[in-house]
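For the sequence shown, the working numbering assigns the number 1 to the initial residue and increments by one for each residue that follows.
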Amino acid sequence: MKTRIISAAVFLAACYISIGIINNRSILQDKEVSKEKDLASLPEVKIEEEEKPCVFMTVMGEQPSDGFAAAKRDAKIDDKIVQGELWLIKAQNKDGGWGAGSHARQNVMDPHAVSSDPATTAMTAMSLYRCGYNLESGKYSDVLKKSLDYLLLEIEKTKNNPNFITEVRGTQIQRKLGENIDAVLTLQFLNQVYPTLKDTSLKTKVQKAIQICVNKIEKSYDETGKVKGAGWAGVLQSSFANSSLETAAKNKDVKVNTEKLQKSREYQKNNYNAESESVKTEDGAGIVLYAVSSSVRGSAKESQEAKAIINQAKREGKLDKNAKLNKENLKKAGVSEEQAEVYDVADKVYNSAKAKAMNKDVISGFGNNGGEEFLSFLQTGESMIVNQDDEWKKWYDDVSGRIISIQNNDGSWNGHHCITSPVFCTATCLMILSIENDIKKLQ
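Structure (structure tokens):
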């Protein structure tokens, strides 16, 4: 353990060499004039230190949830989102993809000076979808069509590769999150696109690509339910893999190994002990935030299912209206003893880990914001949406305030350690700020 901690410290110290170069610099200095013209129509936004915006207007879930409500998104947040969108559109490469750049050259901030990679392309395309765009019609549809074409071509080129969907290796995202993060994030995007497609031929291609990603992710699991080839914060790769497979499993045209999916859920839950409030951070670079946000995400769906069962039992008169969610009441509601144990643990892990993830000392992560912090914030928020948790308002007030206060003048965001890529970080921040638009797809 001492060796691991010392090694991580040395590695992170090296990350800081480039901070002075990275922090708050302009990404596209040679295109500054063009950028200013695009942003000229936006109202001037001044962020006051005490102001806390709020978002989400929704009622979601398989069961209605009283009180899971509803706040109007602040117009200032919309302006920040538009600025981020404009920056991402300009950052697209000619091949239709976007890139994070190599781990060896984290100081490169020009998005056109790096090669495209599937993980960053999928994350960026997902952020544009979440902001309200699609590839079928409307604004930026051509941008999204090109990104889908890029991803399908990468998957086709590597269909005989038993492990990976791309030959691009050594990216920031792979080194920090894991070797198979490209398949994981690409699967998330393809899951989102598939139900919207009208072109039969294209839909068939996407379905085949989804199955390829599923197969390669499942092959990458070890016996504990963790994705092998983990990076510095590999627990995040495993968490995103879990949620990607959960969504793919809803597609009747895709085969998902339910045993591996369940193992994956168990791995996420086992990173946090609800009884002792202890956190296993070995797979999360020693950072509590990464581990607990993953545990929250891994337990959210089962916790929501358990709540729905208890609420249904109350409506049917099987349980008192004040009955609490626990193993005994789940059994009274008709759940088997084994499954009641699973649900009970999941709910305890979710609630305890969620509270830990929102703790002001934990949410600081490494101490400043890298892409891993942004991903952890995203996982916590999405988990609360999946679980119909009314405390999303508290989460969003805190996280959105942090995010808008560090947006660069050109509309982008970048990390200050480890995942520094302005493309990847901008896409992740937009996914957080615009999460309201994607709530149904999180189901």
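Glycine is no exception: its CB is placed at the ideal position from the N, C-alpha and C atoms. None of these values were measured; they are calculated from a predicted model.
Exercise for review: State the Cα-Cα distance for the pair L86 and G178, rounded to the nearest angstrom.
Suggested key: About 29 Å.
Review point. How far does the alpha helix (DSSP H) with M433 in it reach, from first residue to last?
Key: Just to set this straight, residue 433 is Leu in the shown sequence, not Met. P422 to L433 is the span of the alpha helix (DSSP H), which, as asked, contains L433.
Exercise for review: Name the one or two DSSP bridge partners that V227 has.
Suggested key: Bridge partners of V227: Y221.
Review point. Using CA coordinates, which residue listed in P195, N180 and N409 is at the minimum distance from D222?
Key: Out of P195, N180 and N409, the CA that lies nearest to the CA of D222 is found in N180.
Review point. By the 10 Å Cβ neighbour count, where 16 or more other Cβ atoms means buried, how is N242 classified, buried or exposed?
Key: It counts as buried.
**Study point:** Per DSSP, the bridge partner or partners of S102
**Key:** Looking at the DSSP assignment, S102 forms a beta bridge with T171.
Review point. So D117 packs on V168, CB below 8 Å; how close in whole Å?
Key: About 5 Å separates the two Cβ atoms, so the contact holds.
Practice item. Report all residues from its chain with a CB closer than 7 Å to the CB of K327; omit the five preceding and five following residues, and keep chain order. Key: Close CB contacts of K327 within its chain, under the 7 Å cut and outside five residues either way in sequence, are with A340, E341 and D344 (chain order).
Point to revise | C-alpha distance - D438 paired with T158, whole-angstrom precision | key: Cα to Cα, the separation comes out at about 30 Å.
**Study point:** Alpha carbon of L135 to alpha carbon of Y129, nearest angstrom
**Key:** In a straight line, the C-alpha of L135 is about 9 Å away from that of Y129.
Check your understanding: What's the C-alpha gap between D74 and N163?
Key -> D74 and N163: Cα-Cα distance of roughly 44 Å.
**Study point:** Opening and closing residue of the alpha helix (DSSP H) in which T196 lies
**Key:** No alpha helix (DSSP H) contains T196, which DSSP labels as neither H nor E.
Practice item. Could you spell out the range, first to last residue, of the alpha helix (DSSP H) harbouring T121? Key: First-last of the alpha helix (DSSP H) with T121: P118 to R130.
Check your understanding: For the alpha helix (DSSP H) that Y396 lies in, which residues bound it at each end?
Key -> Annotation for Y396: the continuous alpha helix (DSSP H) segment containing it runs W392 to S405.
Practice item. Please confirm whether F240 and Q188 have their CB atoms less than 8 Å apart. Key: Inclusion of F240 and Q188 in the CB contact set at 8 Å is warranted, their separation being smaller than that value.
Practice item. Compute the distance between the beta-carbons of A323 and I309, then report whether it is under 8 Å. Key: Using a Cβ distance threshold of 8 Å, A323 and I309 do not count as a contacting pair.
Check your understanding: CA-CA distance, P422 and A306?
Key -> Going from the Cα of P422 to the Cα of A306 covers about 39 Å.
Check your understanding: What whole-angstrom Cβ distance do I123 and F424 have, given they're in contact under 8 Å?
Key -> Ile is not the amino acid found at residue 123; the sequence shown has Met there. Going by Cβ atoms, the distance from M123 to F424 rounds to 6 Å, so yes, they are a contact pair.
Check your understanding: Apart from the five residues on each side of it in sequence, which residues of its chain come closer than 7 Å, Cβ to Cβ, to L378?
Key -> So the qualifying residues of the chain are T428, M431 and I432.
Check your understanding: Along the chain, where does the alpha helix (DSSP H) that runs through W87 open and close?
Key -> Unbroken alpha helix (DSSP H) run through W87: A75 to A91.
Review point. Is the distance from the Cβ of Q304 to the Cβ of N414 below 8 Å?
Key: Not closer than 8 Å, so no.
Point to revise | Contact belief for I210 with N251 at Cβ below 8 Å, rounded distance in angstroms | key: Their Cβ separation, rounded to whole angstroms, is 7 Å, which keeps I210 and N251 in contact under 8 Å.
Review point. By a C-beta neighbour count over all protein chains shown, 10 Å radius and 16 as the cutoff for buried, is G334 buried or exposed?
Key: Classification of G334: exposed, given that the 10 Å Cβ count is below 16.
Review point. Can you list the alpha helix (DSSP H) stretches of 4 or more residues lying completely in the stretch 291-340, in chain order?
Key: DSSP runs (the alpha helix (DSSP H)) wholly in the stretch 291-340: 327-332.
Review point. Within 10 angstroms of its Cβ, does G470 collect 16 or more other Cβ (buried), or is it exposed?
Key: Given that the chain is displayed from residue 1 to residue 443, the structure contains no residue 470 and the question cannot be resolved.
Point to revise | Inter-residue spacing [alpha-carbon to alpha-carbon] between L325 and S412 | key: So the alpha carbons of these two residues sit roughly 43 Å apart.
Review point. Do you know offhand how far A14's Cα is from T420's?
Key: Caution applies to A14, whose pLDDT of 41 falls short of 50 and renders its modelled position unreliable; the model cannot decide the point.
Review point. Where do the ends of the alpha helix (DSSP H) carrying V143 lie?
Key: Unbroken alpha helix (DSSP H) run through V143: S141 to K157.
**Study point:** Nonlocal neighbours in the same chain, by C-beta distance under 6 Å from I155, ignoring five residues either side
**Key:** A distance below 6 Å between beta-carbons, with the five flanking residues on each side excluded, links I155 to the following residues of its chain, in chain order: I165, A209 and I212.
Review point. Roughly how many angstroms lie between the CA atoms of L245 and T121, to the nearest whole one?
Key: A straight-line Cα-Cα distance of about 19 Å links L245 and T121.
Check your understanding: Where N215 and K321 are concerned, what is the direct C-alpha to C-alpha distance, given to the nearest angstrom?
Key -> Computed Cα separation, rounded: 44 Å.
**Study point:** Close beta carbons around A183, own chain, < 6 Å, minus the five adjacent residues each side
**Key:** Once the five neighbours on either side are set aside, the close Cβ partners of A183 are I165, C213, K216 and I217.
Practice item. Taking all protein chains shown into account, decide if K139 is buried (16 or more other Cβ within 10 angstroms of its Cβ) or exposed. Key: By the 10 Å Cβ count, K139 comes out exposed.
Exercise for review: Assuming G99 contacts T426 (C-beta within less than 8 Å), just tell me the rounded distance between them.
Suggested key: In fact, because the Cβ distance is near 13 Å, the residues do not count as touching under 8 Å.
**Study point:** Neighbourhood of K263 by C-beta distance below 6 Å, restricted to the same chain and skipping five residues each side
**Key:** Cβ neighbours of K263 beyond the five flanking positions: G225.
Review point. Which word fits T258, buried or exposed, when buried means at least 16 other C-beta atoms lie within 10 angstroms of its C-beta?
Key: Burial call: exposed.
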